[in-house]
Structures are given as structure tokens and as C-alpha cells.
Amino acid sequence: MFKKLLLLVATGFFLASCAATTNQGGDASINSGTQEDLIVNVGDRVFFEFDSSELTVDAQSTLDAQAAWLMQYSDTNITIEGHADERGTREYNLALGDKRAFAVYSYLAQAGVDTNRMEYISWGKERPEVVGSDETAYSQNRRSVTIVTN
Amino acid sequence: MIKYLLAFFFITYNSYAALEVTIAQGKVEPTPIAITQVFGEDADTSRYGNTLREIISNNLTNSGLFYTVNEDLYIQSDNLVEKVPRFEDWKLIKAQFLLSADVMKTDKGIRLRMRLYDVFNAKEIEKLQLTIPDESLIRRVGHTVSDIVYERITGETGYFDTRIVYVSEVGPLDQRIKRLAIMDQDGHLDSHQFLTDGRNLVLTPRFAPNNQIITYMEYKDNLPRVYIYNLKTGEREIVGDFPGMTFAPRFSPDSKSVVMSFSDSKSANSEIYLMDLNTRDIKRLTSDSGIDTSPSFSPDGEKIVFNSDRGGSPQLYIMDKEGNNTKRISKGKGVYGNPVWSPRGDLIAFTKLTQGNFHIGVMDPDGNNERVIVRDFSLESPAWSPNGRYLIFHRQNKSNLDGTGGETTIHFIDITGYNERIIPTPRDGSDPAWSPLL
Chain A
0 MFKKLLLLVA TGFFLASCAA TTNQGGDASI NSGTQEDLIV NVGDRVFFEF DSSELTVDAQ
60 STLDAQAAWL MQYSDTNITI EGHADERGTR EYNLALGDKR AFAVYSYLAQ AGVDTNRMEY
120 ISWGKERPEV VGSDETAYSQ NRRSVTIVTN
Chain B
0 MIKYLLAFFF ITYNSYAALE VTIAQGKVEP TPIAITQVFG EDADTSRYGN TLREIISNNL
60 TNSGLFYTVN EDLYIQSDNL VEKVPRFEDW KLIKAQFLLS ADVMKTDKGI RLRMRLYDVF
120 NAKEIEKLQL TIPDESLIRR VGHTVSDIVY ERITGETGYF DTRIVYVSEV GPLDQRIKRL
180 AIMDQDGHLD SHQFLTDGRN LVLTPRFAPN NQIITYMEYK DNLPRVYIYN LKTGEREIVG
240 DFPGMTFAPR FSPDSKSVVM SFSDSKSANS EIYLMDLNTR DIKRLTSDSG IDTSPSFSPD
300 GEKIVFNSDR GGSPQLYIMD KEGNNTKRIS KGKGVYGNPV WSPRGDLIAF TKLTQGNFHI
360 GVMDPDGNNE RVIVRDFSLE SPAWSPNGRY LIFHRQNKSN LDGTGGETTI HFIDITGYNE
420 RIIPTPRDGS DPAWSPLL
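Encoded structure:
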């Protein structure tokens with residue numbers, strides 16, 4: 000009986016220390032509901048095809064997760080940035096970036112995120128994520144990024 | 000130009016009948032002109048003289064329509080302002096025209112006298128005397144004299160006494176710092192000036208056709224909006240203060256309105272709007288679910304060419320000033336953009352992306368006679384010289400994953416496709432636009 004109790008206590012202690020270890024390890028430095036949390040555990044961005052602002056199946060599943068995350072952390076606000084690759088004129092790409100950001104904005108709104116928590120902005124081709132004049136860079140640059148603003 | 004001279008210089012200017020020199024399309028044989036020393040009377044005036052000669056010679060040569068006969072060949076070395084040249088001496092070295100000038104200090108300031116001779120017909124064809132209050136206007140005088148010579152000999156309006164506004168770029172390609180900057184059309188460093196401090200991203204400056212005002216786009220407080228900037232007063236104000244992004248601004252030909260794109264934040268659908276700068280009334284000109292942007296007026300103010308993907312891919316369209324009678328004009332294969340109507344009205348410049356390269360070309364306003372002027376990996380933002388003979392644009396090199404490359408430079412080219420050269424800028428440069436004559 001005494002042995003059994005000791006074992007239970009020990010197990011309890013072990014479990015507790017295990018949980019503490021998990022928190023202090025990999026994810027410990029990540030505070031829930033932050034940009035970093037969004038990047039690591041949900042995905043902060045979606046990608047687009049050339050000259051398109053349509054959300055791909057992959058993009059929609061990322062945004063479903065973003066919507067759930069935003070519902071969970073309901074005191075966060077976000078700005079959605081729309082971007083384009085460099086193979087278009089500056090002005091056309093501003094318009095295209097705007098459409099991409101808005102596609103995300105509308106999707107999240109449809110999924111139930113309060114529009115008062117969201118803003119969006121186009122950066123056209125002015126802020127590439129990856130520098131380079133090839134498709135590898137372009138495909139990373141045709142994106143919308145969700146930024147937690149508070 | 001003459002208006003300016005009357006207002007600011009003491010000037011006498013003999014206007015002779017125009018010469019019978021016309022410039023056809025196609026490659027032009029540059030006309031040989033001899034430019035004597037610009038004679039000074041002391042160290043200062045000799046220095047002004049050297050500066051003036053250099054400006055005039057560079058301007059005329061850079062136009063592609065002239066070349067300066069090598070000074071070493073000159074037989075006669077006199078000041079030919081008051082003295083009749085020995086035309087035979089100049090004929091011998093094949094100078095078709097001869098320019099001589101001198102500079103003197105007077106109680107009113109610095110006085111320049113200039114004579115232009117037609118060597119083959121052995122006669123004076125232009126005569127100019129002007130006085131400026133101080134040496135700060137020396138470069139302007141050089142450009143003005145260049146314009147007079149250019150106009151007299153080619154029969155076309157000059158473009159030298161003008162400025163170029165552009166976006167100066169510096170820093171890593173993913174965090175570019177962009178500032179508005181302005182310089183004389185020759186890019187001379189002495190004339191170079193920054194207009195913004197680089198704190199906010201600025202894009203696409205364009206001059207009003209009739210005055211020294213520019214319109215541009217700025218990300219102030221992270222709100223991308225259209226502004227105007229009065230270069231005389233330094234006053235800046237927002238004109239595209241709508242709920243959503245405003246961009247792609249250009250003045251109407253009378254400089255009284257700005258046409259631009261507005262993307263309503265409720266739909267992110269870019270439409271073209273016209274704003275009267277006096278009343279601030281706005282009028283919507285397009286209504287389509289596609290992207291409508293990059294509007295540019297015809298010089299008579301009757302039509303607008305613009306870029307739209309309403310047909311599936313970005314193409315060029317024309318509508319009337321009320322937004323009616325829209326029709327597609329781009330006919331070739333590829334992705335079109337950046338349409339800009341020539342100040343002469345006869346051509347529309349554009350960019351086209353096809354087969355992996357950008358092309359800058361011109362077409363008639365009905366889309367016929369499309370012609371490529373220059374082709375490279377990345378070319379953008381064609382802008383017309385005020386006389387409609389030249390284009391400036393920017394070129395960007397390929398960039399690499401390690402962050403190198405991607406340099407942007409401003410270029411000048413004759414619409415025949417000849418005589419391309421770089422307009423030097425202290426940093427990288429993009430989005431150039433030409434001022435009207437000062």
C-alpha cells in the first residue's frame with residue numbers, strides 16, 4: 000500500500016516535471032496568441048499562382064487554421080499584407096497585392112473573424128520575402144501574410 | 000522657355016525664319032556643329048564659359064542629332080560673337096553649324112552673348128544676349144542656349160531646360176528605402192536634390208504638364224495614398240484620401256485634375272477615378288470587376304488609355320474622358336502595362352512582358368503599328384520627353400538569392416530605338432518622369 004502510494008506520487012511528480020520540461024523546451028519561448036505562435040503553429044502566410052488572387056486549396060486550409068486561431072485568441076488584431084512577384088508593372092502589382100490581401104480578409108471574415116479586428120494593405124512588389132529573379136523566389140513572393148498587430 | 004526668359008533674364012533674342020531641316024523616322028545622321036571656346040574676360044567668366052560650353056556640347060551630343068566637331072581641328076580660334084567667321088575654314092573641317100559665345104560681368108550680373116552660324120550658307124542664323132543676376136543660373140543658361148540651337152536647327156521644340164523627378168533607391172532589395180529626387184534632364188550632380196527623407200515608401204512621381212507640381216504615391220502611416228507636391232512652394236497634400244488604396248496618379252493635360260486608381264477597401268476592386276483639384280469633386284470612370292489602373296490622358300484631354308485585366312490578362316484599353324466607349328487596343332501577344340500617351344498625341348508608349356522579357360514599345364492610339372524600342376529582362380515606367388521625341392525608363396538587373404544584383408538605372412532613348420544611354424544618378428533610380436520646359 001505504502002509502496003503503491005509512493006509510486007503514484009512519484010508518477011505524479013514525473014508527469015508534472017515532464018509537462019514543465021515540454022513548456023521549457025521547443026515551444027517554451029513562444030507566447031500563445033503572438034505572431035511567433037501564429038507562424039510556428041498555424042502558418043502566417045498563403046501563396047498564389049502567377050497573376051492570380053484566387054485562394055488555392057492549401058491556402059484555404061491554412062486560413063481555416065488561422066481563423067480558428069483568431070477565434071481562440073479573440074483579443075488579437077491583424078493586418079493582412081498582400082504582395083506580388085517582380086514580373087509585373089508596379090501599379091498593376093499594387094492592385095494585385097490588394098486583391099490578394101482582400102481574398103484572405105474575406106475568407107477569414109466568412110469564417111467568422113470580426114472584420115473590426117482586421118485590416119489589409121497591398122505592398123505590390125515592393126517588399127519581396129525572397130530576393131532573386133527566378134521562379135523559386137517569385138513563388139515565395141506571391142503571398143499574403145497575416146501580421147498580429149497587438 | 001521664352002516666357003521664362005522674359006520673366007527672369009534681361010534678354011534680346013533675334014528670331015530668324017525656321018530652317019528647312021526635318022527629321023524623319025529612322026536612324027539620324029548627327030549634324031556636325033563646331034562650338035568655339037565660350038570666351039571669358041577673367042578667371043570667373045572663363046570658368047562660366049567652360050561650364051557653358053560643356054553643357055551645350057553634352058546636351059546637343061546626347062540628343063543624338065548633333066555631334067561636336069573635335070576642337071583640335073579648328074583652324075580659326077577667334078571670338079566670333081562680333082567678328083564674321085572665316086566660313087571657308089569651318090567648311091574645310093565639315094562643321095555644318097558654328098556656335099560662338101562670350102561671357103562678361105556687367106553691373107546687372109553675368110552677360111552671355113551667343114551667335115549661331117550656318118556655315119554652308121555663310122550666314123548668321125541666331126543671335127542671343129542674356130543677363131543673369133548670379134552664377135546660380137549658369138546651368139539654366141547652358142540648357143536654354145542648347146534649346147535655342149536645337150530648335151533652330153531641327154525645327155522641333157527643345158527639351159534641355161527641363162528636370163526629371165524619379166525615385167532614388169538604396170538598401171537591401173527586400174527593404175528598399177525610396178526617396179523622391181529631382182535633377183536636371185542631364186542628371187548633373189550639381190542639380191540633384193532629394194525631395195523626401197526616405198522614412199515613407201514613395202512611388203511613381205509624375206509631373207503636371209503645365210507647371211512645377213508632381214503627383215505621386217506615398218505610404219504615410221502605412222496608408223498608401225496619392226499626394227501632390229508643389230515644387231515651388233514645397234507644399235504637399237493628400238488628394239487620394241479615400242477609404243482604400245489610391246495609386247497610379249497622373250495629371251490631366253490642363254494640370255487641373257488628377258486621374259488615378261482607387262481600390263475600395265470593401266471590395267479591393269481597382270477602378271479609375273478623376274479628381275478635380277479645385278473642387279475636389281471625383282468622378283468614377285470605370286466599372287468592371289477586373290483591375291483597372293495606369294490611366295494616361297491623350298494630350299487633347301478627350302481620351303484615356305489604361306491597363307486592365309478585364310479580358311483575362313493585363314491589356315491596354317482606351318475610353319473617352321467620360322468613361323464610355325471603352326475598347327481594347329493592344330493586339331500583340333503578351334502582358335501589357337504602363338501605357339503613356341505621347342505629348343504629341345501620335346503614339347502610346349507601353350511595356351509588354353512576353354517570352355520572359357520586358358519590352359518597351361510604342362503604338363498608334365488605335366493599337367496599330369506596334370513597334371518595340373528596347374527589350375531586356377526588366378524594363379519599366381516609360382515617360383516621354385516634353386517634345387515627344389525621346390523616352391526615359393528604368394532598367395533593373397536580375398537579382399540573386401544572396402541579395403546581390405537588382406540594380407536599377409534610368410535610361411534615355413530616341414523613339415527610333417537608337418542612342419540609348421544612362422542618365423546618371425547618385426544612387427539607384429526608378430520611376431523617372433519628365434518635367435515640362437521650365
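Protein sequences, first through last, are from chains A and B.
The numbering of the first sequence is numbering that gives the first Met the number 0, which starts it at 0 and goes up by one.
The numbering of the second sequence is numbering that gives the first Met the number 0, which starts it at 0 and goes up by one.
In this text, a Cβ means the ideal position worked out from N, Cα and C, and glycines have one as well.
* State yes or no: is the beta carbon of R126/A nearer than 9 Å to at least one beta carbon in chain B? => yes
* Taking any Cβ of chain A, which residues in the region 189-219 of chain B have a Cβ under 9 Å from it, in chain order? -> Close to chain A, meaning a Cβ-Cβ distance shorter than 9 Å, are the following residues of the region 189-219 of chain B: L200, L202, T203, M216, Y218.
* Asked: Under the three-state reduction of DSSP, which class applies to V56/A: helix, strand or coil?
  -> helix
* Asked: Hey, is I176/B's beta-carbon within less than 9 Å of any beta-carbon in chain A?
  -> With 9 Å as the cut-off, I176/B does not count as an interface residue toward chain A.
* To do: Buried or exposed for V169/B, please, with buried defined as at least 16 other CB atoms from any protein chain shown within 10 angstroms of its CB.
  => exposed
* DSSP three-state call for T403/B: helix, strand or coil? -> coil
* Asked: Quick one: is P242/B near chain A, going by C-beta distance under 9 Å?
  -> No, because no Cβ of chain A sits closer than 9 Å to the Cβ of P242/B.
* **Three or more C-beta pairs below 8 Å linking the region 82-100 of chain A and the region 116-123 of chain A** => yes
* To do: Check the Cβ-Cβ distances between D101/B and every residue of chain A, and say whether any is below 9 Å.
  => At a cut-off of 9 Å between beta-carbon atoms, D101/B makes no contact with chain A.
* Contact check, T145/A vs R44/A, beta carbons under 9 Å -> yes
* Counting contacts by CB-CB distance shorter than 9 Å, is F12/A in contact with chain B? -> In this prediction, F12/A has a pLDDT of 39, which is less than 50 and means its spatial position is unreliable; what the coordinates show is noted afterwards. No, F12/A does not count as interfacial toward chain B.
* Report yes or no: is there a C-beta of chain A within less than 9 Å of the C-beta of D430/B? => So yes, D430/B belongs to the interface.
* Contact list for F246/B against chain A, beta-carbon separation under 7 Å -> Simply E90, L93.
* Exposure of M70/A, with buried meaning 16 or more beta-carbon neighbours within 10 Å -> Exposed.
* If you draw a straight line from the alpha carbon of G197/B to that of D401/B, how long is it in whole angstroms? -> 24 Å
* **Spatial distance of D133/A from R52/B (CA atoms)** => 47 Å
* Asked: Helix or strand or just coil, what does DSSP make of S380/B?
  -> Reduced to three states, the DSSP call for S380/B is strand.
* Decide yes or no for the touch test of the region 50-65 of chain B against the region 115-123 of chain B: beta carbon pairs closer than 8 Å, at least 3 of them. => Touching, no.
* Could you check the C-alpha separation between P431/B and S295/B for me, to the nearest Å? => 15 Å
* **Residues sharing a beta bridge with N356/B, DSSP** => T353/B
* So what's A180/B in DSSP terms, helix, strand or just coil? -> strand
* To do: Could you confirm whether any beta carbon from chain B is found closer than 9 Å to the beta carbon of Q23/A?
  => Only weak support is given to the placement of Q23/A: the predicted model assigns it a pLDDT of 40, under 50, and the value that follows is read from those uncertain coordinates. By this cut-off, Q23/A is not an interface position.
* Using the rule of at least 16 other Cβ atoms within 10 Å of the residue's Cβ for burial, across every protein chain shown, is S288/B buried or exposed? -> exposed
* To do: Could you tell me whether the Cβ atoms of I176/B and I409/B are closer together than 9 Å?
  => No. Outside cutoff.
* Determine contact between the region 63-74 of chain B and the region 24-41 of chain B, defined as no fewer than three beta-carbon pairs at a distance below 8 Å. => yes
* Alpha carbon of H191/B to alpha carbon of Y165/B, nearest angstrom -> 11 Å
* To do: Could you say which of R46/B, D299/B, S260/B lies nearest to D253/B if we only look at CA atoms?
  => D299/B
* Asked: In the structure shown, what three-state DSSP assignment does V291/B receive?
  -> As written in the sequence, residue 291/B is Asp, which differs from the Val given in the question. Strand.
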